[in-house]
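Student: Take this structure first; my questions come after.
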């Protein structure tokens, strides 16, 4: 694992902890920084990171706190507090 991948994993963990502690702006900065590192190094973000971040507002999504998760026919619907919706197929 390269340095950039390790940094992205660490930032994802920091964002998760920041949201749990109620520091949403700090979590947004961690998400933005992780995305920039991935872009600069031409890496794809891990699936767990992509699924738990909002593309519209860069928030780290914590179901029940700032995200609503619903199951529909064949897919999962995740709605952020900003109103953005993401749909993922069952895996």
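Numbering (my numbering), first residue to last: -8 to 82.
Just so it is clear, CB atoms sit at the ideal spot from N, CA and C, and this is done for glycine as well.
In this text, all values refer to a predicted model and were calculated from it rather than measured experimentally.
Assess contact between the stretch 58 to 76 and the stretch 23 to 30, defined as three or more Cβ pairs (one per stretch) separated by less than 8 Å. Is contact present?
Tutor: Not touching, per the Cβ criterion.
Student: Quick one: grab the DSSP three-state call for residue -2.
Tutor: Start at 1 with the first residue of the chain shown, and residue -2 comes out as number 7. Of the three classes helix, strand and coil, the one that applies to residue -2 here is helix, per DSSP.
Student: Please check the pair residue 42 and residue 79, which I expect to be a contact at CB under 8 Å, by giving their CB distance rounded to whole angstroms.
Tutor: If you number the chain shown from 1, residue 42 lands on position 51. If you number the chain shown from 1, residue 79 lands on position 88. Yes, they are in contact, since the Cβ atoms of residue 42 and residue 79 sit about 6 Å apart, within 8 Å.
Student: If residue 34 and residue -5 are in contact, beta carbons under 8 Å, what's the gap, nearest whole angstrom?
Tutor: Taking the first residue of the chain shown as position 1, residue 34 is located at position 43. Taking the first residue of the chain shown as position 1, residue -5 is located at position 4. With 8 Å as the limit, residue 34 and residue -5 qualify as a contact, their Cβ atoms being about 6 Å apart.
Student: How many whole angstroms separate the CB atoms of residue 73 and residue 52, which I take to be in contact at a CB cut-off of 8 Å?
Tutor: Counted from its first residue, the chain shown places residue 73 at position 82. Counted from its first residue, the chain shown places residue 52 at position 61. About 10 Å; that fails the 8 Å criterion.
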